[in-house]
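In terms of the working numbering, the sequence shown opens at residue 34 and continues consecutively.
Just so it is clear, CB atoms sit at the ideal spot from N, CA and C, and this is done for glycine as well.
The model shown is predicted, which means the values in this text are computed figures rather than measured ones.
Input: a single structure, listed below in structure tokens.
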Amino acid sequence: MTTNETDYRPALIAALTRILGEWTAPGFLTGVAAREGVHLDPPAIVMVTVIAQKGPQRPSALAAHLVTGPSNISKIIRRLSEAGLVVRATDPDDARAQRVQLTPAGEHVAAAFVKAGDGMVDELLEGWSEADRRTFVTLLERFAVASTSFAGTLGTTEPTTTGEIS
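And the structure:
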């Protein structure tokens with residue numbers, strides 16, 4: 034590849050970094066959810082979304098998805114349970130384990146998240162042609178598949194604070 038053929042890379046990394054920074058900021062998630070009258074903290078929003086998309090989950094799976102520990106997951110589950118949005122149920126695959134599932138109220142909140150997300154996407158893509166929207170989705174889905182595949186090739190290493198390059 035020539036330099037001209039790879040000039041897109043810095044702009045792509047910069048754009049993705051900007052998007053990830055915006056979309057993962059606590060105020061972003063809470064602000065989007067609040068548009069539909071839902072007032073939850075970011076970890077609770079993510080947990081409700083994960084359960085809505087993947088079905089009932091063991092706390093350990095939720096902890097892995099939210100990249101946090103068992104103690105924090107228990108606190109989030111407790112807050113959502115006290116709000117009437119989730120319940121713990123016996124895992125049908127292992128009677129010793131539990132899964133966290135949405136209540137009807139939790140399903141209503143998850144539906145509100147979808148509505149808020151749809152509205153956000155409509156705003157973000159305002160003025161785009163239908164062809165541009167479809168092309169964007171096709172390319173983004175392709176990029177997501179490649180990213181997931183690439184992530185599977187990465188080894189896990191313990192992070193250090195020394196800043197050393199090996």
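So, using beta-carbon positions, are residue i and residue j closer together than 8 Å?
| i | j | result |
| --- | --- | --- |
| Pro92 | Ser104 | no |
| His98 | Val119 | no |
| Leu62 | Ile78 | yes |
| Leu49 | Met80 | no |
| Ala145 | Val65 | no |
| Gln90 | Arg42 | no |
| Ala143 | Ala85 | yes |
Does residue i come out as helix, strand or coil in the three-state DSSP assignment?
| i | result |
| --- | --- |
| Gly83 | As written in the sequence, residue 83 is Val, which differs from the Gly given in the question. It is helical. |
| Leu135 | strand |
| Arg91 | coil |
| Ala58 | coil |
| Asp40 | coil |
In angstroms, rounded to a whole number, what distance separates the CA positions of residue i and residue j?
| i | j | result |
| --- | --- | --- |
| Leu173 | Ala116 | 36 Å |
| Glu140 | Trp56 | 23 Å |
| Ser162 | Phe169 | 11 Å |
| Pro75 | Gly60 | 8 Å |
| Ala177 | Thr136 | 31 Å |
| Arg166 | Leu158 | 7 Å |
| Gly54 | Glu38 | 27 Å |
| Glu156 | Arg129 | 46 Å |
| Ile46 | Ser180 | 13 Å |
| Leu95 | Ala184 | 19 Å |
| Ile109 | Asp127 | 23 Å |
Where does the unbroken beta strand (DSSP E) through residue i begin, and where does it stop?
| i | result |
| --- | --- |
| Asp124 | 119–124 |
Tell me which residue opens and which closes the alpha helix (DSSP H) that residue i is part of.
| i | result |
| --- | --- |
| Asn105 | 103–115 |
| Leu158 | No alpha helix (DSSP H) contains Leu158, which DSSP labels as neither H nor E. |
| His72 | His72 -> no alpha helix (DSSP H), and no H or E assigned at all. |
| Ser162 | Run containing Ser162: none; DSSP gives neither H nor E here. |
Worksheet item: Quick check: the stretch 150–166 against the stretch 120–132, are there 3 or more CB pairs under 8 Å?
Response: no
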